[in-house]
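Undergrad: Quick note: the sequence shown uses full-length UniProt numbering, first residue 1, plus one each step.
The C-beta atom is built at its ideal place from N, Cα and C for all residues, glycine as well.
Before anything else, here's the structure in question.
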Amino acid sequence: MPVRPDRRALYPKDWKAVSLSIRERAGWRCEGSPDIYPDCRAANGMPHSVTGSRVVLTVAHLDHDETSSDPSNLRAMCQRCHLTYDARHHAANAAATHRRKAPQLDMWSAS
Numbered sequence: 001m002p003v004r005p006d007r008r009a010l011y012p013k014d015w016k017a018v019s020l021s022i023r024e025r026a027g028w029r030c031e032g033s034p035d036i037y038p039d040c041r042a043a044n045g046m047p048h049s050v051t052g053s054r055v056v057l058t059v060a061h062l063d064h065d066e067t068s069s070d071p072s073n074l075r076a077m078c079q080r081c082h083l084t085y086d087a088r089h090h091a092a093n094a095a096a097t098h099r100r101k102a103p104q105l106d107m108w109s110a111s
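Next comes the structure, spelled out in structure tokens:
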């Protein structure tokens, strides 16, 4: 997944090289999401055998810490595996954003 411009400063300065090395380590194939699709080996640029969409190999932070460049914390993943792996993390962030933006009701105010 592309790095969002507002998050770019969090990534290591050499992220492009780190990301490339992880995809090369994986032979340009998905390394699978650990618990859900561990055997996925979708090849970059080819149609995905399950979704049919063209695979764009991304690099996932297993602990969701964008500042990390430790290869043991990084895994090459296709879109299906990366989005599935991050789903809970994305849901928690969305809920926190919703709570932060929701209008607050003041139960003690006079009507």
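Note down the Cα distance separating D86 from D35, rounded to an integer number of angstroms.
TA: When rounded, the distance between both Cα atoms is 12 Å.
Undergrad: Reducing DSSP to helix, strand and coil, say where S33 ends up.
TA: Looking at S33 - three-state DSSP - the assignment turns out to be strand.
Undergrad: So, for S19: in the same chain, excluding its five sequence neighbours on each side, which residues have a beta-carbon less than 7 Å away from its beta-carbon?
TA: Closer than 7 Å at Cβ, skipping near neighbours: V59.
Undergrad: For L74, which residues does DSSP report across the bridge?
TA: According to DSSP, which records beta bridges pairwise, L74 is partnered with H61.
Undergrad: Decide if S69 is buried, meaning its Cβ has at least 16 other Cβ atoms within 10 Å, or exposed.
TA: Label assigned to S69: buried.
Undergrad: How about A76 and R23: do their beta carbons lie closer than 8 Å?
TA: Against a cut-off of 8 Å, the Cβ pair of R23 and A76 comes out as a contact.
Undergrad: Between W28 and A102, what straight-line distance do the alpha-carbon atoms span, to the nearest angstrom?
TA: So the two alpha carbons sit approximately 42 Å from each other.
Undergrad: State the DSSP-derived secondary structure class of A26, mapped to helix, strand or coil.
TA: Note: A26 maps to coil in three-state DSSP.
Undergrad: Please report the straight-line C-alpha distance between D106 and R100, rounded to a whole angstrom.
TA: Here D106 scores only 49 on pLDDT, less than 50, and its place in the model should not be relied on; the value that follows carries that caveat. Going by the C-alpha atoms only, they are around 15 Å apart.
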